[in-house]
Every structure is written in structure tokens, then in C-alpha cells.
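**Q**
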Amino acid sequence: MTRTRWAGSVALALVTVLVGIAPGRAGAEQFTEAEQQVIALLPPGYTAASCTRADNAFPAALASLDCTDDMHTDTPDYARFTHYDSMDALTADFYVSAAGMSLSPCPDGNASPGTWNYGPHLTNPGGKIACGAVDDQTVIAWTRDSQLLLATVDGGPDLGELYQWWQRYGAATG
Numbered sequence: 073m074t075r076t077r078w079a080g081s082v083a084l085a086l087v088t089v090l091v092g093i094a095p096g097r098a099g100a101e102q103f104t105e106a107e108q109q110v111i112a113l114l115p116p117g118y119t120a121a122s123c124t125r126a127d128n129a130f131p132a133a134l135a136s137l138d139c140t141d142d143m144h145t146d147t148p149d150y151a152r153f154t155h156y157d158s159m160d161a162l163t164a165d166f167y168v169s170a171a172g173m174s175l176s177p178c179p180d181g182n183a184s185p186g187t188w189n190y191g192p193h194l195t196n197p198g199g200k201i202a203c204g205a206v207d208d209q210t211v212i213a214w215t216r217d218s219q220l221l222l223a224t225v226d227g228g229p230d231l232g233e234l235y236q237w238w239q240r241y242g243a244a245t246g
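Okay, so the sequence shown: first residue is 73 according to the working numbering, each after it adds one.
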């Protein structure tokens, strides 16, 4: 093989190895196409580099990622984002998540579990929401029905602050 062809082959092999690896992490796991769809839906503060494949995902999930706030922002310390291919599976797993929480009313009067809306007059249904706690940590679980996404975030001891974060970023339907 000529030197030029060898150099071209090495460059092609290097590009092939690097494709699919999350930026910023050497040796990071490669994400499936379904997991890459979840990454595209992440709220600010979470990146591909801060997420790993969930070990104990719901069986009906297409993809599920566990993410941490590795940038030390006001983003919740832990989140799980799960993508589905049907509204029935999404709804069922949302209620399983809510059943595992010690439920409390969401701030601003949202029922828990209940629904949330978006739009200029808050008339467009966005999904379901549940507020509460697990092991003394506040938790919000919600769905973005149009994206078939279930999200659960753990935000420490203050439900009000976690809910404010959710209002800014979590409910965004992109």
C-alpha cells in the first residue's frame, strides 16, 4: 500500500472510531439511534457527555438515559429521560413512576398527578406531571406527550426550586 493510501486509510479509520462517541469523554459509550433521539430532547444543563444508558429501564422503553449535572448549574443533580413508541406505554410508565413517589401537590396549584398545558393561553395539553418525594429528595416526573418522553428529576430538598426549574426548562416541547 502506498504511503498516501495508507494515510487515507488511517484517517478514515480514525473518523470511524470517533463517530458516535459523546464529545468530552474519552472512551464514552456509543449511543443507539433511539438514545440519540433522547439526547436531542434534553433540557439545558444536560449533555450527551453527562448521560449513560439506564441499567434498569422500563421494559416498554425504546431508550432510557440517566443524566447528571456535571456542569454544576441550577440543573437538577440527577434525571432520567425515557423515550417510547406509544402513548399507552408512556402513560403506563408515568403512573408507575408516580406510584413510587410520596405525592404532594405541585406548586402553582397543579394536581399531582395531573396534567400540564402550554401555549399563550395555556390551552394546549403538554402531558402529565407528578410532584413529590422519594427518600427525602424532591422529585418531579412528567411527560412530554408530543415527544413520547417521560422525564424524572431529583432536585434535593426544595420542591419549589425544582418546580421553577421545570417551568423554565422541563416543560419545553422544543
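Quick reminder that beta carbons are idealized off the backbone N, C-alpha and C, glycines included.
1) Among the residues of its own chain, which have a CB less than 6 Å from the CB of V225, if the five just before and after it don't count?
2) DSSP three-state label for D146, please.
3) Do you know how far the Cα of Y190 is from the Cα of L175?
4) In this structure, does DSSP put P185 in helix, strand or coil?
5) Indicate whether A135 and Q102 have their beta-carbon atoms separated by less than 8 Å.
6) For T195, which residues from the same chain have a beta carbon less than 8 Å from its beta carbon, with the 5 sequence-adjacent residues on both sides left out?
7) Can you look up T119 in the DSSP assignment and give me helix, strand or coil?
8) Give the secondary structure of T195 by DSSP, where H, G and I count as helix, E and B as strand, and everything else as coil.
9) Using a 10 Å radius around the Cβ and a threshold of 16 neighbouring Cβ atoms, would you call G96 buried or exposed?
10) Using 8 Å as the Cβ pair cut-off and three pairs as the minimum, do the segment 197-215 and the segment 120-127 touch?
11) Whose C-alpha, out of D138, L234, L113 and T154, is nearest the C-alpha of P131?
**A** Answer, in terms of the structure:
1) As a first step, residue 225 must be located in the sequence shown, where it is residue number 153. Cβ neighbours of V225 beyond the five flanking positions: P148, A151 and I212.
2) Within the sequence shown, numbered from 1, the residue matching residue 146 stands at position 74. When secondary structure is reduced to three states using DSSP, D146 falls in the coil class, being assigned neither helix nor strand.
3) As a first step, residue 175 is located in the sequence shown; it is residue number 103 there, counting from the start. As a first step, residue 190 is located in the sequence shown; it is residue number 118 there, counting from the start. Their backbone Cα atoms lie some 23 Å apart in a straight line.
4) One-based indexing of the sequence shown puts residue 185 at position 113. Here P185 sits in coil by DSSP.
5) As a position in the sequence shown, residue 135 is number 63, starting the count at 1. As a position in the sequence shown, residue 102 is number 30, starting the count at 1. With respect to the 8 Å criterion, A135 and Q102 are not classified as neighbours on the basis of their beta carbons.
6) As a first step, residue 195 must be located in the sequence shown, where it is residue number 123. Closer than 8 Å at the Cβ level, and outside the excluded window around T195, lie N189.
7) In the sequence shown, the residue the question calls residue 119 occupies position 47. Reduced to three states, the DSSP call for T119 is coil.
8) Residue numbering aside, residue 195 sits at position 123 when the sequence shown is read from its first letter. If DSSP states are grouped into helix, strand and coil, T195 belongs with coil.
9) For the purposes of this step, residue 96 is identified with residue 24 of the sequence shown, where counting begins at 1. Here G96 scores only 39 on pLDDT, less than 50, and its place in the model should not be relied on; the value that follows carries that caveat. Within a 10 Å sphere around the beta-carbon of G96 sit fewer than 16 other beta-carbons, which makes this residue exposed.
10) Verdict: no, contact absent.
11) The residue given as residue 131 occupies position 59 in the sequence shown. It is T154 whose Cα lies nearest to the Cα of P131.
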